[in-house]
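Peer 1: Under our numbering, the first residue of the sequence shown carries the number 219, and numbering increases by one thereafter. For every residue, glycine included, the Cβ atom is placed at its ideal position computed from N, Cα and C. All of these numbers come straight from a predicted model, not from anything done at the bench. Would you mind keeping the following structure in view while I ask a few things?
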Amino acid sequence: MEKVSIKEIEQLTELFHTAYSNNEKLGIHFKAATISSEEVEDHWLGQPMFTEKADGKIVTTASLRLPWSKNPSPFALPHLGWVATHPDYQGRSLARMLIEEVIDEFVIKKLRAPAITLGTALEHPWLIKAYEKLGFVYLSEKQLFSDHKTIYMIKILDKKALLNVNDKELQDLIKENVNEF
């Protein structure tokens, strides 16, 4: 797991376009599919971005939106996003391994966060199941975009500490979904 350097913004932008193009074919538009290098750089300046490389090239990436960042997470918790793997490297569990490492080494050890959230398209044929295999469970859903509904998922790392997070919406959702946790 490496943090992204400013020199890698163009390479990262190309990775997003390539990796997210398959979602476009499903009729699901994620911003990363058409994002500009300037937007990637702005994102990079505001939150931690992590990568794995092969043959000196970035092949998978993930970032975290944080509650205090310029583009804050939707809840008072770290929020996983912009997960992408180059199509030539898919099927090797690279994204799964990177996400697990980000959670273990950054979210738990550095941030000491009690949970992590993510958002994805409810209509996507396999992403929800992939995140469930990583321990994420349903939290809520919202219609944020015209082409898909966003499902928010959460992975609880410390349930007792999570109940003390100062976020009324999050606490209400936890109470609504008490059987899921």
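Quick check: the region 270-287 against the region 298-314, are at least 3 beta-carbon pairs closer than 8 Å?
Peer 2: yes
Peer 1: With a cut-off of 8 Å, do at least 3 Cβ pairs link the region 378-391 to the region 337-352?
Peer 2: Because the criterion of three Cβ pairs below 8 Å is not met, the region 378-391 and the region 337-352 do not touch.
Peer 1: Just verifying my parser: in three-state terms, what is the DSSP assignment at S281?
Peer 2: strand
Peer 1: If I follow the unbroken beta strand (DSSP E) through Y349, where does it start and stop?
Peer 2: Run containing Y349: none in the beta strand (DSSP E); it sits in the alpha helix (DSSP H), L345 to K351.
Peer 1: Where K386 and H297 are concerned, what is the direct C-alpha to C-alpha distance, given to the nearest angstrom?
Peer 2: 17 Å
Peer 1: Apart from the five residues on each side of it in sequence, which residues of its chain come closer than 8 Å, Cβ to Cβ, to L340?
Peer 2: I346, E359, H366, K367, T368 and I369
Peer 1: The alpha helix (DSSP H) that contains K386, what's its start and end?
Peer 2: K386 to E394
Peer 1: To the nearest angstrom, report how far apart K285 and Q229 are at their CA atoms.
Peer 2: Looking at the sequence provided, one finds Pro at residue 285 rather than Lys. One C-alpha to the other measures close to 27 Å.
Peer 1: Curious, which full-length alpha helix (DSSP H) runs of at least 4 residues does the region 222-252 contain?
Peer 2: 227-243
Peer 1: With distances taken Cα to Cα, identify the nearest neighbour of I253 among S239, V325, D273 and N382.
Peer 2: It is S239 whose Cα lies nearest to the Cα of I253.
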